[in-house]
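Here the structure comes first, spelled out in structure tokens, and everything after it is commentary.
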Amino acid sequence: MYAKKSSSVCGSSSKEQEAVLMEERPDLISSLPDDILKNIMSMISFKEAIQSTTLSTSWRGLMSPYSVKVERNLVRSDALESKRILESFLGSRESFRSLKLYLDLCDWDFAVCTRGAHGELHLDFSGQKELVPCTFGLVLDHSSCIGPRFSSVRNLHLRSVSHLVGNLVGDLFSSCRILETLKLEKCRGLKNLDIKSNSCLQNLEIADCPNIATITISAENLKSFSFDCEEVLSLLSSVKDVEILTVSGWLIEVLCSAGVIFSGLDFKFSKLKEFRCVCSKISSKTRDSLACFLNATPSLEELFVKIDEKSRTVECALSNQYWHEPHLWKDYKTVKSNARWLKDLKTAKIAGFTGENDELLLVDLLLHTGINLKEMTVFPSTQSDDWASWRVGRVPCSQLKYIKLKYVLISCPQIDACFVLTEATN
10 MYAKKSSSVC GSSSKEQEAV LMEERPDLIS SLPDDILKNI MSMISFKEAI QSTTLSTSWR
70 GLMSPYSVKV ERNLVRSDAL ESKRILESFL GSRESFRSLK LYLDLCDWDF AVCTRGAHGE
130 LHLDFSGQKE LVPCTFGLVL DHSSCIGPRF SSVRNLHLRS VSHLVGNLVG DLFSSCRILE
190 TLKLEKCRGL KNLDIKSNSC LQNLEIADCP NIATITISAE NLKSFSFDCE EVLSLLSSVK
250 DVEILTVSGW LIEVLCSAGV IFSGLDFKFS KLKEFRCVCS KISSKTRDSL ACFLNATPSL
310 EELFVKIDEK SRTVECALSN QYWHEPHLWK DYKTVKSNAR WLKDLKTAKI AGFTGENDEL
370 LLVDLLLHTG INLKEMTVFP STQSDDWASW RVGRVPCSQL KYIKLKYVLI SCPQIDACFV
430 LTEATN
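Each residue of the sequence shown is one higher than the one before, counting from 10 in my numbering.
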């Protein structure tokens, strides 16, 4: 373990230097008229506005929240008054400002509402005091709308929604008739989510909602759906006892790129006998991620990999790599040395085979881990050959003259071996 060295000048810390510079730097923004400041803020996003509050005292003043009290029972049942307050807030000519909603007779806020540019509305319920966390379901439906409609809201961000404000949130969502983007974050206790949207909703993101069990979405024009990695793992865990499983290669690759270590999970696919994986191509990341996934399939007997250029692909950047098994950023020898034996694997097939380097290394990996493998077959792609199938083996070059069947010899620069493809007999 090592500590990062902090820079200092004449014994002063970086924070102290920064504070001195802030004091010496003239505040040119605060001298601008409020109308100009509001106009500037109306053209930048909520996130940029928050980041810019350090530049000006006047800017921070514009972001200071207003406080409004509402009756306690309105949060649990009839949300009409709260909706009218928000409608007035959204319709105000004041740019970028926040609104705190307090419960009557209480000294704590249950919601902070912040408006941004281009139809942004952020609702944060993290201030509410919930003594006993409860699981709850949330229905967000555009089909019915009672009371005010928020015609300007296109981007709605909901944070820390609980069972105490579920009805209020549902009513607010129904009023956002032109909503295009919805994000739910840190909604602890949220178990069932049902979204029924009109044709406007295009983007949905769910992050850090650990109790979700079911999600139902009806949104005909939805273009993107972001679901954090832990929840995808919970979905995989729900099918851990299946005997036959088919997945897209990009899903395994995305999970591995996000730092998932399949061999370290608290569950394995112990009953899985047949596994099928569909990939647009075999890249080094695809190959190594597949090797990582196979470490969680101790009883696998049949493996089928289909390479289809028309299948879906998702680009993902490496992240959290130092928490991961030594692959995705290591060399092939390291990946191979960390792969576990597939003692029950009897058959392995690859369709769409073109003989590219990463495909050859995948073949080598399967021949290495499948210690009891009886048959390794490749089916060439239609562009490179007909639909004939070829059995694959590694044969020392000195023994090639003893092979009587028709064969194709393929060399792979990264390993000290040659692959021999002999025509399979049907």
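We put the beta carbon where it would ideally sit given N, CA and C, even for glycine.
Is residue i helix, strand or coil by DSSP?
i      : result
Asn381 : coil
Lys315 : strand
Asn207 : coil
Asn212 : strand
Arg296 : helix
Ser171 : coil
Glu194 : strand
Trp259 : helix
Gln26  : Per-residue confidence for Gln26 stands at a pLDDT of 48, beneath the threshold of 50, marking its modelled position as unreliable; the derived number appears in the next sentence. If DSSP states are grouped into helix, strand and coil, Gln26 belongs with the helices.
Met31  : Here Met31 scores only 46 on pLDDT, less than 50, and its place in the model should not be relied on; the value that follows carries that caveat. Helix, per DSSP.
Gly402 : strand
Lys342 : helix
Ile45  : helix
Val372 : helix
Cys286 : strand
Gly179 : helix
Gly268 : coil
Arg93  : helix
Ser227 : strand
Asp250 : coil
Leu199 : strand
Phe302 : helix
Leu147 : strand
Leu244 : helix
Gly361 : strand
Asp367 : helix
Ser320 : coil
Asn220 : coil
Ser135 : coil
Ser184 : helix
Out of the options, state which residue places its alpha-carbon closest to the alpha-carbon of residue i.
i      : options                           : result
Ser161 : Phe284, Gly146 and Glu129         : Glu129
Leu442 : Ala120, Leu374, Arg168 and Phe302 : Past the edges of the chain, shown from 10 to 435, lies residue 442, and the structure says nothing about it.
Glu310 : Phe278, Val344, Leu354 and Asn220 : Leu354
Phe313 : Glu384, Phe278 and Leu231         : Glu384
His166 : Lys345, Lys195, Ala360 and Gly146 : Lys195
Val269 : Leu199, Ser171 and Asp297         : Asp297
Ser208 : Ile215, Arg186 and Leu202         : Arg186
Leu193 : Glu432, Leu202 and Ile215         : Ile215
Phe276 : His127, Thr306 and Ser266         : Thr306
Asp373 : Gly402, Thr363, Arg163 and Phe362 : Gly402
Asn4   : Leu188, Val170, Ile94 and Val174  : Past the edges of the chain, shown from 10 to 435, lies residue 4, and the structure says nothing about it.
Ser293 : Ala222, Trp399, Asn366 and Leu191 : Asn366
Ser308 : Gly361, Arg168, Phe278 and Val174 : Phe278
His232 : Gln211, Ser206 and Leu376         : First, the amino acid is wrong: residue 232 is Lys here, not His. With distances taken between Cα atoms, Lys232 lies closest to Gln211.
Phe388 : Lys315, Ser320, Asn347 and Asp133 : Lys315
Asn220 : Asn201, Phe236 and Lys205         : Asn201
Asn347 : Gly361, Gly364 and Leu375         : Leu375
Arg349 : Gly273, Ile204 and Thr295         : Gly273
Thr343 : Leu370, Lys352 and Lys319         : Leu370
Leu281 : Ala267, Leu351 and Leu213         : Leu351
Lys290 : Thr386, Ala360 and Phe271         : Ala360
Ile94  : Asp317, Asp203 and Leu177         : Leu177
For residue i, count the other beta carbons within 10 Å of its own beta carbon; 16 or more makes it buried, fewer makes it exposed. Which is it?
i      : result
Ala300 : buried
Glu368 : buried
Ser304 : Before going on, a small fix: residue 304 reads as Asn here, not Ser. The residue in question, Asn304, is buried, as its Cβ has 16 or more Cβ neighbours within 10 Å.
His131 : buried
Arg124 : buried
Asp340 : exposed
Asn381 : exposed
Cys143 : exposed
Pro42  : exposed
Thr378 : buried
Ile261 : buried
Ile45  : exposed
Ala357 : buried
Phe362 : buried
Ser169 : buried
Ala222 : exposed
Ser266 : buried
Ser97  : exposed
Consider the C-beta atom of residue i and the heavy atoms of the ligand MN; say whether any pair is separated by less than 8 Å.
i      : result
Ser183 : No copy of the ligand MN appears in this structure; indeed no ligand is present at all.
Could you tell me whether the region 142-151 touches the region 175-185, using the rule of 3 or more Cβ pairs below 8 Å? Result yes; three or more Cβ-Cβ pairs closer than 8 Å.
Would you say the region 224-231 touches the region 247-261, given that touching needs at least three Cβ pairs under 8 Å? They do not touch, by the three-pair rule.
Mind the definition here: the region 252-262 touches the region 280-299 only if three or more C-beta pairs lie below 8 Å; say whether that holds. Under the three-pair Cβ rule at 8 Å, the region 252-262 counts as touching the region 280-299.
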